Ligand code: IVH
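Numbering (our numbering), first residue to last: 562 to 1232.
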């Protein structure tokens, strides 16, 4: 390829990758599989390696790679980033509505926009001619910290806007972490002996405050945009219209959860509705933001010193309560990590009865100075298990008891060691039953071997009866073994054995995740499975070979080689193999019946989701693509299929209905 061709291909790839970034991260509507995306990205990186002059600051590759900073510069916002007045009751909201009407000298009901009040960190993004040139925190509202490189690592923040877009656009929004991501991150940190974050907001703030953007990149951050600073160019007449425009430009908004309401009565009904759904949301919100929809009215209303007159935050009541710590018990995790857990006098915290609180580690115990017998404030934030916020020292009687780091494991009595630099002490016992229990649970989990029915209760009995000493023993279980369980019937035993049997052919990535190799979670397991293709290849990979894989760092590489170096682990793997556990390797997939075939799914699918369809195609060795070309083998069209279907017809690409596609799958799978 010469330089001219490289330039053209680079431009094309950048556009395609950007397009799929928007579909995936902004619109929540991916059209290609992860592996296809990875392929495109790899091609881009390879091209840039060969022709470094192609690397522009807004290439999709530039979300990573800036050298760490010494400190953050400060930036003055061209327009101050205001904060919001708070309302705590319906009356406060009615007063707000009254003030708005009085100011505008009108009796007519006002149209408001109701948005979720995201509990994250406010930021400003500056786009000049559609290019992200700077990003900052809110700071004191006038001056913030310049965190451009960190913000650039967030996949839902576009580096380039879709045209046509304003010549200058200062966008404001909230960076946050979804609850599930937050919990997974904390679990991983706990296992690694790193301090955990108290709630998603702290985790977000901590992640944005990293001087090294490669750390920020590994944190699961997202953004919802909700407002503007300066904007040069045409503006729609309403706030809601502006949010729609954001979407057009490729900026992520929470439009799906944003509604307009006419009059304050309507707003209050929306608030009640939102409050009822609060616990079901995938992220934390701390209230509802209500804004006057008409932008000219917003302008007329203007602002006071620090807050606008046209908006207010109707806050949710805090999810806090006071209770007594009856005991602090020690929990032993899969990797031997010992964590203290507070057992509480049961108390209701906004509708949920809680009886346990996590104390994270002994640094946290020391910070809070928390003891058995203390009265404390607990808060549910981001987790069903609440956190201890502070000790009510004024209620101390002198009878309270400190809980020190144990010298011996509470489960097996082996010595406990706290390694320099880690905050979590660990049990060193090789055959610690508590560790074994957690390993078995991890092995059988949905994201691992997915052994339906093998939960806490059965695992406890397996251990009590001494039926399993490691994960391989699960595949040696017989019906007679299971009959020794309490309340075990014929059917139940058969189901459990069938579930165990059924887990023998899980995809390699799931198997790797199930093994619980340190630092190899769901994502890393996929990376390793995809790159190495088989368990044998992985077990033989050297440290250097592993390091050569994109995303694999020295920690992962050492952990993987260490895992396979252990004679005990090798024995268990050999036993698993003898017992018929044969994870489906990526090689087998490459030779699948759909091998070399490209499918495009379009329109509204009713029999399966797009993701399921793509997974099916990939499982059978094919490729799912987002766009129709001469190279497409089949287009599967759901209802209301549009331009892609037309294109397929134009190019003479065979079109299948969903049923016909499933028919093919069945034929190929031999079902
Ligand atoms: S609008 C002038 N909308 O709440 C308008 N703020 O107390 C200012 N926030 O600093 C902000 N979700 O961090 C707005 N949908 C939303 C919001 C939101 C969360 C935060 C933001 C701001 C604080 C105001």
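A virtual CB, placed ideally from N, CA and C, is assigned to each residue, including glycine. No experiment lies behind these values; they were computed from the predicted model shown.
So, using beta-carbon positions, are residue 1008 and residue 1083 closer together than 8 Å?
-> Your numbering for residue 1008 matches position 447 in the chain shown. Your numbering for residue 1083 matches position 522 in the chain shown. Yes.
Pick out the complete beta strand (DSSP E) segments inside the region 638-722, 3 residues or longer, and give them in chain order.
-> Those beta strand (DSSP E) runs which fall completely within the region 638-722 and span 3+ residues are 672-679, 682-689, 692-698 and 704-706.
Return yes when at least one heavy atom of ligand 1 lies under 7 Å from the C-beta of residue 643, else no.
-> To locate residue 643, count along the chain shown from 1; it is residue 82. Correct: residue 643 has its Cβ closer than 7 Å to ligand 1.
Chain C contact for residue 650 (CB, 8 Å cutoff) | Absent from the structure: chain C. Only one protein chain is present.
Own chain residues within Cβ distance below 8 Å of residue 631, not counting five before or after | Translated into the one-based positions of the chain shown, residue 631 becomes position 70. If the five residues before and after residue 631 are omitted, its C-beta is found closer than 8 Å to the C-beta atoms of 772, all from its own chain and listed in chain order.
Cβ pair residue 940, residue 950 closer than 8 Å = One-based indexing of the chain shown puts residue 940 at position 379. One-based indexing of the chain shown puts residue 950 at position 389. In this structure, residue 940 sits near residue 950, with a CB-CB distance shorter than 8 Å.
Rounded to a whole number of angstroms, what is the C-alpha to C-alpha distance between residue 969 and residue 978?
-> Along the chain shown, one-based indexing puts residue 969 at 408. Along the chain shown, one-based indexing puts residue 978 at 417. Whole-angstrom Cα-Cα distance: 9 Å.
Applying the criterion that 16 or more other CB atoms from any shown protein chain within 10 Å of the CB defines a buried residue, is residue 1148 buried or exposed?
-> Here residue 1148 refers to the residue found at position 587 when the chain shown is read from its first residue. Summary for residue 1148: the model assigns pLDDT 48, below 50, so the residue's position carries little reliability, and this model does not support an answer.
Nearest candidate by alpha-carbon position, reference residue 877, set 889, 832 and 865 | Against the chain shown, residue 877 aligns to sequence position 316. Comparing Cα-Cα distances from residue 877 to each of 889, 832 and 865, the minimum goes to 832.
Taking the C-alpha atoms as reference points, what is the distance between residue 867 and residue 643?
-> Position 306 of the chain shown, counted from the first residue, corresponds to residue 867. Position 82 of the chain shown, counted from the first residue, corresponds to residue 643. Approximately 5 Å between the Cα atoms of the pair.
Within this structure, are the beta carbons of residue 810 and residue 722 separated by less than 8 Å?
-> Indexing the chain shown from 1 puts residue 810 at position 249. Indexing the chain shown from 1 puts residue 722 at position 161. Contact: yes.
First through last residue of the alpha helix (DSSP H) which encompasses residue 1117 = For the purposes of this step, residue 1117 is identified with residue 556 of the chain shown, where counting begins at 1. 1115-1126 is the span of the alpha helix (DSSP H), which, as asked, contains residue 1117.
Can the beta-carbon of residue 1040 be found less than 8 Å from the beta-carbon of residue 1020?
-> As a first step, residue 1040 must be located in the chain shown, where it is residue number 479. As a first step, residue 1020 must be located in the chain shown, where it is residue number 459. No.
For ligand 1, is there a heavy atom less than 7 Å away from the beta-carbon of residue 699?
-> Counting from one through the chain shown, the residue named residue 699 turns up at place 138. Yes, Cβ of residue 699 sits closer than 7 Å to a heavy atom of ligand 1.
6 Å Cβ shell around residue 1045 - same chain, five flanking residues per side excluded = For the purposes of this step, residue 1045 is taken as residue 484 along the chain shown, with counting starting at 1. Cβ neighbours of residue 1045 beyond the five flanking positions: 1026.
Own chain partners of residue 640 with C-beta closer than 8 Å, once the 5 adjacent residues on each side are dropped | As a working mapping, residue 640 is identified with position 79 in the chain shown. Hits under 8 Å: 731, 790 and 791.
Tell me whether residue 854 is buried or exposed, calling it buried when 16 or more other Cβ atoms sit within 10 Å of its Cβ.
-> Residue mapping note: residue 854 aligns to position 293 of the chain shown, counting from 1. Of the residues assessed, residue 854 falls on the buried side of the cut-off, its CB having 16 or more other CB atoms within 10 angstroms.
Roughly how many angstroms separate the alpha carbons of residue 775 and residue 1115, rounded to a whole number?
-> Sequence index remark: in the chain shown, residue 775 carries index 214 (1-based). Sequence index remark: in the chain shown, residue 1115 carries index 554 (1-based). Their Cα atoms are separated by approximately 14 Å.
The beta strand (DSSP E) spanning residue 807 covers which residue range?
-> Translated into the one-based positions of the chain shown, residue 807 becomes position 246. No beta strand (DSSP E) holds residue 807; the alpha helix (DSSP H) holding it covers 800-810.
Taking DSSP as the reference, what is the three-state secondary structure of residue 724?
-> For the purposes of this step, residue 724 is taken as the residue at position 163 of the chain shown. When secondary structure is reduced to three states using DSSP, residue 724 falls in the coil class, being assigned neither helix nor strand.
How about residue 587 and residue 782: are their beta carbons less than 8 Å apart?
-> Locating residue 587 in the chain shown gives position 26, where the first residue counts as 1. Locating residue 782 in the chain shown gives position 221, where the first residue counts as 1. Contact flag unset, no.
Where does residue 583 land, buried or exposed, given buried means 16+ other C-beta within 10 angstroms?
-> Taking the first residue of the chain shown as 1, we reach residue 583 at position 22. Classification of residue 583: buried, given that the 10 Å Cβ count is 16 or more.
Given 8 Å as the limit, is there contact between the region 895-904 and the region 982-992, that is, 3 or more CB pairs closer than that?
-> Yes, since at least three Cβ pairs between the region 895-904 and the region 982-992 fall closer than 8 Å, the two stretches touch.
Does the Cβ of residue 920 have 16 or more other Cβ atoms within 10 Å, making it buried, or fewer, making it exposed?
-> The residue given as residue 920 occupies position 359 in the chain shown. Answer is buried; the Cβ neighbour count reaches 16.
Could you give the distance in angstroms between the alpha-carbon of residue 1125 and the alpha-carbon of residue 905?
-> In the chain shown, residue 1125 corresponds to position 564, counting from 1. In the chain shown, residue 905 corresponds to position 344, counting from 1. One Cα belongs to residue 1125, the other to residue 905, and the distance between them is close to 42 Å.
Burial state of residue 1111 (16 or more Cβ within 10 Å) = Within the chain shown, residue 1111 is the residue found at index 550, counting from 1. Answer is exposed; the Cβ neighbour count stays below 16.
Just tell me which of 1012, 753, 895 and 882 has its CA closest to the CA of residue 907.
-> Within the chain shown, residue 907 is the residue found at index 346, counting from 1. Closest by alpha carbon: 882.
For ligand 1, is there a heavy atom less than 7 Å away from the beta-carbon of residue 1173?
-> Position 612 of the chain shown, counted from the start, is the residue given in the question as residue 1173. Not under cutoff, so the answer is no.
Nearest residue (CA-CA) to residue 888, options 963, 718 and 914 = On the chain shown, position 327 is the one that residue 888 refers to. Selected option, being the one with the closest Cα: 963.
Would DSSP call residue 892 helix, strand or coil?
-> Taking the chain shown and counting its residues from 1, the one referred to as residue 892 is at position 331. Residue 892: strand per DSSP, three-state reduction.
Give, in chain order, every unbroken run of the beta strand (DSSP E) that is at least 3 residues long and sits entirely within the region 936-1010.
-> Within the region 936-1010, the complete beta strand (DSSP E) runs of at least 3 residues are 936-940 and 948-952.
How long is the line joining the alpha carbons of residue 956 and residue 700, rounded to whole angstroms?
-> Position 395 of the chain shown, counting from 1, holds the residue named residue 956. Position 139 of the chain shown, counting from 1, holds the residue named residue 700. Answer to the nearest angstrom: the Cα atoms are 37 Å apart.
Round the Cβ separation of residue 1069 and residue 1090 to the nearest angstrom and send it over; I've been treating them as touching at under 8 Å.
-> As a working mapping, residue 1069 is identified with position 508 in the chain shown. As a working mapping, residue 1090 is identified with position 529 in the chain shown. Between residue 1069 and residue 1090 the beta-carbon gap is near 4 Å, inside 8 Å, which marks them as a contact.
Say the cut is 7 Å; is the CB of residue 788 nearer than that to a heavy atom of ligand 1?
-> Position 227 of the chain shown, counting from 1, holds the residue named residue 788. Yes; taking the cut-off as 7 Å, the Cβ of residue 788 has a heavy atom of ligand 1 nearer than that.
Report the rounded CA-to-CA distance for residue 1079 versus residue 752, giving the unit in angstroms.
-> Here residue 1079 refers to the residue found at position 518 when the chain shown is read from its first residue. Here residue 752 refers to the residue found at position 191 when the chain shown is read from its first residue. Rounded to whole angstroms, the separation of the alpha carbons of residue 752 and residue 1079 is 8 Å.
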